[in-house]
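Protein chains: 2
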Amino acid sequence: MSLTRVQSFCVSLDGYGTGEGQSHEAPFGHAGDRLHEWMFATRRWRETGGQPGGNGGVDDAFVQLHDPGVGAEIMGAGKFGHPGWHEDPEWKGAWGPNPPFHTPTFILTHHPRASIEMEGGTTYHFIDASPAEALDMAREAADGKDVRIGGGVTVIRDFLAAGLIDHMHLVVVPILLGRGVRLWDGLEGLEENYEIESVSSPSGVTHMTFTRAGL
Amino acid sequence: MSLTRVQSFCVSLDGYGTGEGQSHEAPFGHAGDRLHEWMFATRRWRETGGQPGGNGGVDDAFVQLHDPGVGAEIMGAGKFGHPGWHEDPEWKGAWGPNPPFHTPTFILTHHPRASIEMEGGTTYHFIDASPAEALDMAREAADGKDVRIGGGVTVIRDFLAAGLIDHMHLVVVPILLGRGVRLWDGLEGLEENYEIESVSSPSGVTHMTFTRAGL
Numbered sequence: 002m003s004l005t006r007v008q009s010f011c012v013s014l015d016g017y018g019t020g021e022g023q024s025h026e027a028p029f030g031h032a033g034d035r036l037h038e039w040m041f042a043t044r045r046w047r048e049t050g051g052q053p054g055g056n057g058g059v060d061d062a063f064v065q066l067h068d069p070g071v072g073a074e075i076m077g078a079g080k081f082g083h084p085g086w087h088e089d090p091e092w093k094g095a096w097g098p099n100p101p102f103h104t105p106t107f108i109l110t111h112h113p114r115a116s117i118e119m120e121g122g123t124t125y126h127f128i129d130a131s132p133a134e135a136l137d138m139a140r141e142a143a144d145g146k147d148v149r150i151g152g153g154v155t156v157i158r159d160f161l162a163a164g165l166i167d168h169m170h171l172v173v174v175p176i177l178l179g180r181g182v183r184l185w186d187g188l189e190g191l192e193e194n195y196e197i198e199s200v201s202s203p204s205g206v207t208h209m210t211f212t213r214a215g216l
Numbered sequence: 002m003s004l005t006r007v008q009s010f011c012v013s014l015d016g017y018g019t020g021e022g023q024s025h026e027a028p029f030g031h032a033g034d035r036l037h038e039w040m041f042a043t044r045r046w047r048e049t050g051g052q053p054g055g056n057g058g059v060d061d062a063f064v065q066l067h068d069p070g071v072g073a074e075i076m077g078a079g080k081f082g083h084p085g086w087h088e089d090p091e092w093k094g095a096w097g098p099n100p101p102f103h104t105p106t107f108i109l110t111h112h113p114r115a116s117i118e119m120e121g122g123t124t125y126h127f128i129d130a131s132p133a134e135a136l137d138m139a140r141e142a143a144d145g146k147d148v149r150i151g152g153g154v155t156v157i158r159d160f161l162a163a164g165l166i167d168h169m170h171l172v173v174v175p176i177l178l179g180r181g182v183r184l185w186d187g188l189e190g191l192e193e194n195y196e197i198e199s200v201s202s203p204s205g206v207t208h209m210t211f212t213r214a215g216l
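Each protein sequence line maps, in turn, to chains A and B. Each residue of the first sequence is one higher than the last, beginning at 2 in this note's numbering. Each residue of the second sequence is one higher than the last, beginning at 2 in this note's numbering.
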C-alpha cells in the first residue's frame, strides 16, 4: 500500500514551522537553524554530508526513515527556492545539482514551467494543482512506493486539512519562535483521525507520530 | 530558598490552556475534560477523591509534586469562579467548602473583597495587584515555602512575561483545540532563560519542566 507521509517536520513549542522573514540567506527566517539542530547531530545527517560520527539514538532512527520506501515528493514553491525564483527561467532550485530527493519531485506553483531532470534521480515537475490532484500525479510517479509531503508549513497544513496524510512524523523543538508561519491553524480535532505516539529524546526534542486510525 | 512554581499546567498541542466558551458548567469551555484526563487516571488524583487504584507512573509522579512544599497560591479570578462571581457577595468560590489549596490563596481581581477563611487551611485573599506585587504578598504568607502560580492561562503567561517563574511543569496533551486562550503569545525566546526537559508518558502526554537557568 502506498502511503502519503510526512517525515521529520519540525515545529517550535508554540507551533511555528518556520520563523518570520524567510529569504534566500535565511530559509527559515529568524528561526535560523534552531528547528533543525537536533537533526544535524545525527549519524544519518552527517553521513549524508560525508562526515563521520553523529549520534545513533532515537533522533537518528527517525531521520533514517526519511528516504526508504519513498517514490515521489511533493513540496511547496517556498521549499524549492526563495520568493521570486519563478522570475528567473534558469533557476534550478535551492538544492544544488544533485538534490537530496532522488525521485520525481512535484513543486506546487502558480508558475509552471517545463520539467527539469537533475543528477541523482531527482526530476522536478512544476504543477499548479490542488493537494488531491498533486497527490494523484505523485502517486502515479511513485509507482507503488510512498509519497512524501515535504513542506513547507502551509503545504503540510493544506494536506492535513484535506485529510490526505496517512502518516506524519512531527518533531516538537522546545523553543518559542513567537512569529512566523503556524502549522496548527484550522486543524481543530485532527487527533480524532489519528493514533498518536510521543517519545522525547535526550536531545530535548519530542518526536510525535500520527498514524491514520484504522490504517 | 522559596521558589515560584507552576505545577501540572496543561496545554493542547496547539498551545491552548483552555478552550473557548468558558462557563460555570464548562470551566475549560469546549475542551471539556480533555486537557486533564491523564491526571484523573493517576493514583494521587484518585486518592484525593477517596477512590482506590489509579496509575503510579510518571504522570502520577508529577501530580504528587503539586502540594508538598507549597505555602501559598496565586490564581486568577477565572480559576476562583465563573465570570461575574464578583457580583454575588456571598460567593465563596468554585472549589467547595474545603478547597484543595490548604494555604493562603491570593485571587487576582479588580473587585477586591474581605478575606474568607475556609475549611482545611485555605484562606482566600482578594487583591488588585501586579504579578510582582502579588508575589511579594504571597511569598510573605508562604513563610519560607514555595509559591504556586495556579493559573489560568493569562495569569501563567503574565508571570512568565514578568520573569517571575522559577520552575514550571507543563503538560502537552496531544489534542488540537483550535480555539480558546493561548499560553505562548508574546513569549518569544523564553527558552533562553530556562533549562528545559521533556519526557513523554505512556498516557500520551509529554511532561516538560522549565527550570530557571542558574537556579
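For glycine and all other residues, C-beta sits at the position ideal for the given N, C-alpha and C.
Chain B partners of Ser-201/A, CB-CB under 9 angstroms? Chain order gives the chain B residues near Ser-201/A as Glu-198, Ser-199, Val-200, Ser-201, Thr-207, His-208, Met-209, where near means a beta carbon separation below 9 angstroms.
Tell me whether the beta-carbon of Leu-161/B lies closer than 8 angstroms to the beta-carbon of Leu-188/B. Yes, they are a contact pair.
Nearest-angstrom Cα distance between His-25/A and Ala-139/B? Approximately 51 angstroms, taken between the alpha carbons.
Please specify which runs of the alpha helix (DSSP H), each continuous and at least 4 residues long, are wholly inside the region 6-48 of chain B, giving them in chain order. Correct list: 38-41.
Straight-line gap, Lys-80/B to Val-12/B (C-alpha atoms, nearest Å): Near 16 angstroms, if we compare the C-alpha coordinates of Val-12/B and Lys-80/B.
Stretch-stretch touch, CB-based, cutoff 8 angstroms, three pairs: the region 137-152 of chain B with the region 64-79 of chain B: A contact between stretches requires three or more CB pairs, one per stretch, nearer than 8 angstroms, and the region 137-152 of chain B meets this requirement with the region 64-79 of chain B.
Given a cut-off of 8 angstroms on the beta-carbon distance, is the pair Ile-157/B and Phe-10/B in contact? Yes, the pair counts as a contact, with Cβ atoms nearer than the cut-off.
Note down, in chain order, each residue of its chain lying with its Cβ closer than 6 angstroms to the Cβ of Phe-211/A, except the 5 sequence neighbours on either side. Here the set comprises Met-169, Tyr-195, Ile-197.
8 angstroms Cβ cutoff, Trp-185/B in contact with chain A: Taking 8 angstroms as the threshold, the shortest C-beta distance from Trp-185/B to chain A falls below it.
Look at Val-154/B and Thr-43/B and say whether their C-beta atoms are less than 8 angstroms apart. No, Cβ-Cβ distance for Val-154/B and Thr-43/B is not below 8 angstroms.
For Asp-15/B, which of Glu-48/A, Ser-3/A, Glu-192/A, Gly-152/A has the nearest alpha-carbon? Comparing Cα-Cα distances from Asp-15/B to each of Glu-48/A, Ser-3/A, Glu-192/A, Gly-152/A, the minimum goes to Glu-192/A.
Contact with chain A by Gly-152/B, beta-carbon distance below 8 angstroms: The beta carbon of Gly-152/B does not come within 8 angstroms of any beta carbon belonging to chain A, so the residue lies off that interface.
Could you please give the first and the last residue of the uninterrupted beta strand (DSSP E) stretch that includes Met-169/A? Looking at the DSSP string, the run of the beta strand (DSSP E) that includes Met-169/A is 168-174.
Apart from the five residues on each side of it in sequence, which residues of its chain come closer than 6 angstroms, Cβ to Cβ, to Ala-27/B? When the five nearest sequence neighbours on each side are left out, no beta carbon in the same chain lies closer than 6 angstroms to the beta carbon of Ala-27/B.
Throw me the rounded Cβ distance for the Ala-32/B and Gly-181/B pair, which I believe falls under 8 angstroms. With a beta-carbon spacing of about 7 angstroms, Ala-32/B and Gly-181/B fall inside the 8 angstroms limit used to define contacts.
Would you kindly work out how many angstroms separate the C-alpha atoms of Thr-110/A and Arg-213/A, rounded to a whole number? The straight-line gap from Cα to Cα measures roughly 28 angstroms.
Tell me whether the beta-carbon of Pro-100/A lies closer than 8 angstroms to the beta-carbon of Gly-70/A. Between Pro-100/A and Gly-70/A, the CB-CB gap reaches or exceeds 8 angstroms.
Any chain A beta carbon closer than 8 angstroms to Pro-175/B: Closer than 8 angstroms to some Cβ of chain A, the Cβ of Pro-175/B qualifies, so yes.
Give the straight-line distance between the Cα atoms of His-112/A and Phe-63/B, rounded to the nearest whole angstrom. Linking His-112/A to Phe-63/B through their CA atoms gives a straight-line distance of about 53 angstroms.
DSSP three-state label for Glu-62/B, please. Inspection of the sequence shows that residue 62/B is occupied by Ala rather than by Glu. Residue state, collapsed to three classes: helix.
Alpha carbon to alpha carbon, how far is His-67/A from Pro-53/A? Give it in angstroms, no decimals. Between the C-alpha atoms of Pro-53/A and His-67/A there is a straight-line separation of about 19 angstroms.
Counting only beta-carbon atoms, is Glu-38/A nearer than 8 angstroms to chain B? For Glu-38/A, the answer is no, since every Cβ of chain B falls outside 8 angstroms of its Cβ.
Please state the DSSP three-state secondary structure of Leu-191/B. DSSP places Leu-191/B within a helical segment (H, G or I) once states are collapsed to three.
Comparing the C-beta of Asp-34/B with each C-beta of chain A, is any distance below 8 angstroms? Chain A contact via Cβ: absent.
With distances taken Cα to Cα, identify the nearest neighbour of Ser-131/A among Asp-60/A, Ser-3/A, Phe-107/A, Arg-6/A. Comparing alpha-carbon positions, the option among Asp-60/A, Ser-3/A, Phe-107/A, Arg-6/A lying closest to Ser-131/A turns out to be Phe-107/A.
Out of curiosity, what's the CA-to-CA distance linking Ala-95/B and Trp-86/B? So the alpha carbons of these two residues sit roughly 10 angstroms apart.
What are the start and end residues of each continuous beta strand (DSSP E) run of 3 or more residues lying completely inside the region 118-178 of chain B, in chain order? The region 118-178 of chain B contains these whole beta strand (DSSP E) runs: 124-128, 147-150, 168-174.
Give the straight-line distance between the Cα atoms of Gly-152/B and Leu-36/B, rounded to the nearest whole angstrom. Taking the straight line from one Cα to the other gives about 14 angstroms.
DSSP state of Phe-81/A mapped onto helix, strand, coil: Of the three classes helix, strand and coil, the one that applies to Phe-81/A here is helix, per DSSP.
Cα-Cα, which of Ala-133/B, Glu-38/B, Met-119/B is closest to Gly-97/B? With distances taken between Cα atoms, Gly-97/B lies closest to Met-119/B.
Partners in chain A for Asp-15/B, counting only beta-carbon separations shorter than 7 angstroms: Going along chain A in sequence order, the residues near Asp-15/B (Cβ under 7 angstroms) are Gly-16, Trp-185.
Any C-beta of chain A under 8 angstroms from that of Glu-48/B: At a cut-off of 8 angstroms between C-beta atoms, Glu-48/B does not count as an interface residue with respect to chain A.
By the DSSP assignment, the beta strand (DSSP E) with Phe-211/B in it spans what residues? Boundaries of the beta strand (DSSP E) harbouring Phe-211/B: 207-213, taken from the DSSP string.
Considering Cα atoms alone, identify which of His-208/A, Phe-102/A, Pro-203/A is closest to Val-173/A. Taking each of His-208/A, Phe-102/A, Pro-203/A in turn and checking the Cα distance to Val-173/A, the smallest one comes out for His-208/A.
Could you tell me the boundaries of the beta strand (DSSP E) in which Phe-107/A lies? Taken as a continuous stretch (DSSP letters only), the beta strand (DSSP E) holding Phe-107/A covers 105-109.
Checking contacts by CB at 8 angstroms: is Arg-140/B closer than that to chain A? Judged by the 8 angstroms Cβ criterion, Arg-140/B is not in contact with chain A.
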